[in-house]
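Enquirer: Chains as they are written, first to last, in the working numbering: chain A, 234 to 356; chain B, 30 to 139.
Glycine is no exception: its CB is placed at the ideal position from the N, C-alpha and C atoms.
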Amino acid sequence: GAGVSQSPSNKVTEKGKDVELRCDPISGHTALYWYRQSLGQGLEFLIYFQGNSAPDKSGLPSDRFSAERTGGSVSTLTIQRTQQEDSAVYLCASSPKYPVGTSGGRSSYNEQFFGPGTRLTVL
Amino acid sequence: ELKVEQNPLFLSMQEGKNYTIYCNYSTTSDRLYWYRQDPGKSLESLFVLLSNGAVKQEGRLMASLDTKARLSTLHITAAVHDLSATYFCAVDMAGNQFYFGTGTSLTVIP
């Protein structure tokens with residue numbers, strides 16, 4: 234079945250430009266998460282959506298970063314006036330907010346499913 | 030803020046050997062996840078542990094959770110090259126945010 238998709242897969246931009254990253258979650262998943270992963274590092278939480286609202290924006294690194302989600306589905310992460318330190322892989326994940334039963338012995342309760350990521354390079 | 034620590038950060042082991050990766054976290058949670066990431070790829074869910082004493086096994090990997098010790102382990106049995114990847118644990122705080130560990134980069138040497 235269709236998983237989480239992200240676009241573009243790669244984005245090269247010049248310092249100071251704005252970029253938009255897109256995430257299409259798994260159909261029916263109400264929760265959506267954005268993370269940032271710098272080279273060789275772990276995952277840094279950015280923002281979380283439940284439906285179209287973002288109860289937790291605490292991870293956004295600066296006011297240059299913003300995100301929205303429409304129709305409880307697609308989300309866009311916008312970075313304004315990009316800086317070189319913004320270069321990273323941006324990962325999106327979606328999850329069913331409530332338990333949906335088990336499959337093969339693995340509970341799917343609140344499990345996150347990740348997209349392939351967008352690799353952003355700021356020159 | 031919840032802190033999640035993994036050790037070791039880097040692990041090089043020979044095929045056929047056993048080893049354990051540790052994941053410690055700093056506050057109460059009964060939901061712990063393990064993910065695998067291959068180079069240049071996204072994260073793949075391996076295990077979901079939802080209660081104290083939970084144990085899950087798949088192939089050569091076995092994960093366990095001790096919520097009282099705030100510790101999860103990922104045990105590798107008779108490692109094979111295909112297991113080479115980076116492994117992350119993550120702790121779920123009421124489903125609003127996942128806190129990820131630093132990752133353990135595993136290399137299995139033939």
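Span of the beta strand (DSSP E) holding D289 (chain A)?
Expert: Its beta strand (DSSP E) spans residues S286 to D289.
Enquirer: Compare the C-beta of G88 (chain B) with all C-beta atoms of chain A and state if any pair is closer than 8 Å.
Expert: No, because no Cβ of chain A sits closer than 8 Å to the Cβ of G88 (chain B).
Enquirer: Who are the near neighbours of V252 (chain A) in its chain, counting only those whose CB is closer than 8 Å to its CB and skipping five residues on each side?
Expert: The residues are K244, T246, T311, I312, T315 and L353.
Enquirer: Please report how far the alpha carbon of S58 (chain B) lies from the alpha carbon of R297 (chain A), in whole angstroms.
Expert: Spanning the two alpha carbons is a distance of roughly 32 Å.
Enquirer: Taking only beta-carbon positions, decide if P329 (chain A) is within less than 8 Å of chain B.
Expert: It does not: the Cβ of P329 (chain A) has no partner Cβ on chain B nearer than 8 Å.
Enquirer: Enumerate in chain order the residues of its own chain whose CB-to-CB distance from A83 (chain B) is below 6 Å, with the five nearest sequence positions on each side excluded.
Expert: Excluding positions up to five away in sequence, the list reads L94.
Enquirer: Count the C-beta pairs between the region 30-50 of chain B and the region 64-75 of chain B that are closer than 8 Å, then say yes if the count reaches three, no if not.
Expert: Verdict: no, contact absent.
Enquirer: Using a Cβ cut-off of 9 Å, pull out every chain A residue sitting near G132 (chain B), in sequence order please.
Expert: By Cβ distance, chain A contributes G273, Q274, G275 and L276.
Enquirer: So what's Q317 (chain A) in DSSP terms, helix, strand or just coil?
Expert: It is helical.
Enquirer: Just to confirm the assignment, what range does the beta strand (DSSP E) spanning A108 (chain B) have?
Expert: Note, A108 (chain B): premise wrong, no beta strand (DSSP E); not H, not E.
Enquirer: Looking at the structure shown, is R302 (chain A) part of a helix, part of a strand, or coil, going by DSSP?
Expert: DSSP places R302 (chain A) in strand when its eight states are reduced to three.
Enquirer: Where does T49 (chain B) fall in DSSP's three states?
Expert: The answer is strand: DSSP assigns T49 (chain B) an E or B state.
Enquirer: Please say whether A264 (chain A) and S306 (chain A) have beta carbons closer to each other than 8 Å?
Expert: No, the Cβ-Cβ distance between S306 (chain A) and A264 (chain A) is not below 8 Å.
Enquirer: Using the rule of at least 16 other Cβ atoms within 10 Å of the residue's Cβ for burial, across every protein chain shown, is T303 (chain A) buried or exposed?
Expert: Exposed.
Enquirer: From B:M42, B:E87, B:F117 and B:S113, pick the residue whose C-alpha is nearest to that of N53 (chain B); which is it?
Expert: Looking at the Cα atoms, B:F117 is the closest of the given residues.
Enquirer: Since Y62 (chain B) and D121 (chain B) are thought to touch, with beta carbons under 8 Å apart, how far apart are those beta carbons, to the nearest angstrom?
Expert: That pair is a contact at about 7 Å.
Enquirer: Does T115 (chain B) pass the burial test, meaning 16 or more other C-beta atoms within 10 Å, or should it be called exposed?
Expert: Buried, since its Cβ has 16 or more Cβ neighbours within 10 Å.
Enquirer: Where N36 (chain B) and T131 (chain B) are concerned, what is the direct C-alpha to C-alpha distance, given to the nearest angstrom?
Expert: Rounded to whole angstroms, N36 (chain B) to T131 (chain B) spans 9 Å at the Cα level.
Enquirer: Quick check on the DSSP output: the beta strand (DSSP E) that includes Q345 (chain A) runs from which residue to which?
Expert: Looking at the DSSP string, Q345 (chain A) is not in any beta strand (DSSP E), and its letter there is neither H nor E.
Enquirer: As an exercise, report each continuous alpha helix (DSSP H) stretch of at least 4 residues that is fully enclosed by the region 58-127 of chain B, in chain order.
Expert: With a minimum length of 4 residues, no continuous alpha helix (DSSP H) run stays inside the region 58-127 of chain B.
Enquirer: So, for G350 (chain A): in the same chain, excluding its five sequence neighbours on each side, which residues have a beta-carbon less than 7 Å away from its beta-carbon?
Expert: Cβ neighbours of G350 (chain A) beyond the five flanking positions: Q239, V322, Y323 and L324.
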